[in-house]
Amino acid sequence: MIPKLITIDLDGTLLKDDCTISPRTRDAILTCMDTTGILFVPCTGRSYENSLFVLRDFPRFPYYINANGTTVTDGASGTLMYASTLPLETGQEIYSLARQYQTFIEIYHGLTAYDSAIGRKNLRRSACTQDYIEQLLHTNTHLENLDPFVYEEKQPISKFHIVCVDPEERLELKSRLAELPGVFPISTTEFNIEICCKGWSKRDGLQKLCDTIKITPDQVAALGDSENDYEMIQWAGQGIAMGNAADKVKAAAGFVTGSNEEDGIVDALKYLGVLK
0 MIPKLITIDL DGTLLKDDCT ISPRTRDAIL TCMDTTGILF VPCTGRSYEN SLFVLRDFPR
60 FPYYINANGT TVTDGASGTL MYASTLPLET GQEIYSLARQ YQTFIEIYHG LTAYDSAIGR
120 KNLRRSACTQ DYIEQLLHTN THLENLDPFV YEEKQPISKF HIVCVDPEER LELKSRLAEL
180 PGVFPISTTE FNIEICCKGW SKRDGLQKLC DTIKITPDQV AALGDSENDY EMIQWAGQGI
240 AMGNAADKVK AAAGFVTGSN EEDGIVDALK YLGVLK
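Residue numbers (numbering that gives the first Met the number 0): 0 to 275.
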């Protein structure tokens with residue numbers, strides 16, 4: 000079945016390891032967008048504003064699913080259609096634990112993400128690539144200290160993205176976070192931790208969007224590579240894993256395409272019958 004909606008993860012899927020998009024993959028998606036009438040929807044752990052920056056070589060997509068599915072945004076107007084947020088006390092507990100370690104704490108609120116001065120220093124000491132760091136920080140709102148944002152302003156938080164300088168500290172912190180009620184930390188790299196409300200995932204944001212625009216799961220194709228793509232690949236009528244995907248993601252997919260370094264999206268679009 001030709002899908003009505005194709006949702007594509009960014010890091011490790013659309014983006015190459017250096018955080019760029021190959022001309023071949025970009026042109027294939029643009030061709031499909033121009034000729035098929037299929038809805039293409041980015042679905043990423045990145046914030047809405049950051050995804051706009053990363054996807055600046057594309058026209059606006061009709062919708063964006065961001066922060067691991069916790070926000071859904073109308074692409075034409077930039078209006079937030081839906082946001083899932085952590086309970087206030089849970090967010091404060093997560094933050095209190097994370098700040099005890101050498102961490103970069105990125106807090107997702109609305110359409111953007113917030114960080115702190117000490118966090119930015121720690122991020123540059125981490126194992127993250129320079130390309131990734133520069134992209135990530137380009138659109139963030141930089142605060143001197145996140146404490147007032149969390150404890151005094153009590154802003155609603157959709158997602159935490161935590162990067163640890165020390166791999167051993169990451170394991171310890173992830174274990175301690177998992178002991179908090181209703182907290183299910185996941186990792187998409189060897190050095191990060193991501194947390195949404197009660198295990199909320201990209202699948203939930205995708206389902207919210209599809210319910211709104213009256214598209215059923217069997218009319219959806221989902222492409223991804225990481226642990227945070229697992230649920231949406233399971234949910235979609237056609238789940239496709241990249242060649243560089245985690246084994247768990249490959250096992251959930253109906254088709255495994257080439258890697259993000261091999262224009263795997265192009266082969267996936269051919270497999271779906273939307274590109275010659």
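Here a beta-carbon is modelled for each residue, glycine too, at the ideal position from N, C-alpha and C.
If you draw a straight line from the C-alpha of residue i to the C-alpha of residue j, how long is it?
{"i": "G181", "j": "I104", "result": "19 Å"}
{"i": "T102", "j": "D33", "result": "43 Å"}
{"i": "Q91", "j": "M231", "result": "28 Å"}
{"i": "E193", "j": "A240", "result": "20 Å"}
{"i": "R119", "j": "L145", "result": "12 Å"}
{"i": "R59", "j": "Y229", "result": "26 Å"}
{"i": "L274", "j": "D165", "result": "44 Å"}
{"i": "G198", "j": "T70", "result": "14 Å"}
{"i": "L4", "j": "P216", "result": "9 Å"}
{"i": "M0", "j": "D8", "result": "21 Å"}
{"i": "S125", "j": "E168", "result": "12 Å"}
{"i": "L87", "j": "Y150", "result": "9 Å"}
{"i": "T84", "j": "K15", "result": "30 Å"}
{"i": "T140", "j": "I117", "result": "14 Å"}
{"i": "S46", "j": "L29", "result": "22 Å"}
{"i": "S76", "j": "Y63", "result": "11 Å"}
{"i": "T72", "j": "C196", "result": "18 Å"}
{"i": "S115", "j": "Q99", "result": "14 Å"}
{"i": "E178", "j": "T89", "result": "12 Å"}
{"i": "I212", "j": "T35", "result": "18 Å"}
{"i": "F39", "j": "P155", "result": "29 Å"}
{"i": "N121", "j": "I214", "result": "42 Å"}
{"i": "L79", "j": "F148", "result": "21 Å"}
{"i": "I13", "j": "T128", "result": "Just to set this straight, residue 13 is Leu in the shown sequence, not Ile. So the alpha carbons of these two residues sit roughly 17 Å apart."}
{"i": "D266", "j": "G109", "result": "34 Å"}
Excluding the 5 residues flanking residue i on each side, which residues of the same chain have their C-beta closer than 6 Å to its C-beta?
{"i": "I264", "result": "T24"}
{"i": "H160", "result": "E105, E193"}
{"i": "Q233", "result": "A251"}
{"i": "L54", "result": "none"}
Please work out which residues of its chain come closer than 8 Å, Cβ to Cβ, to residue i, disregarding the five sequence neighbours upstream and downstream, and give them in chain order.
{"i": "R123", "result": "I132"}
{"i": "F52", "result": "Q134, H137, T138"}
{"i": "D56", "result": "I20, R25"}
{"i": "E261", "result": "G242"}
{"i": "G253", "result": "Q237, G238, I239"}
{"i": "G74", "result": "R59, F60, P61, Y62, Y63"}
{"i": "S50", "result": "L9, P41, T43, Y63, N65"}
Could you give the C-beta distance for residue i and residue j, rounded to a whole number, given that I count them as a contact under 8 Å?
{"i": "L142", "j": "Y113", "result": "6 Å"}
{"i": "C163", "j": "F190", "result": "6 Å"}
{"i": "L96", "j": "L176", "result": "6 Å"}
{"i": "I37", "j": "P2", "result": "6 Å"}
{"i": "G68", "j": "G204", "result": "3 Å"}
For residue i versus residue j, is the C-beta distance shorter than 7 Å?
{"i": "C31", "j": "T6", "result": "no"}
{"i": "Y94", "j": "A66", "result": "no"}
{"i": "P184", "j": "K201", "result": "no"}
{"i": "A251", "j": "D224", "result": "no"}
{"i": "K247", "j": "V255", "result": "no"}
{"i": "A27", "j": "L271", "result": "no"}
{"i": "G238", "j": "S258", "result": "no"}
{"i": "T111", "j": "E152", "result": "no"}
{"i": "T187", "j": "E226", "result": "yes"}
{"i": "D130", "j": "D17", "result": "yes"}
{"i": "Y81", "j": "K158", "result": "no"}
Identify every residue that forms a DSSP beta bridge with residue i.
{"i": "F39", "result": "I5"}
{"i": "F280", "result": "Nothing in the structure corresponds to residue 280, since the chain is present only between 0 and 275."}
{"i": "A251", "result": "Partner(s): none; A251 has no beta bridge."}
{"i": "D114", "result": "H141"}
{"i": "G238", "result": "A221"}
Looking only at its chain, what residues have a beta carbon closer than 7 Å to the beta carbon of residue i, apart from the 5 residues adjacent to it on each side?
{"i": "A235", "result": "P216, V219, A220, A221"}
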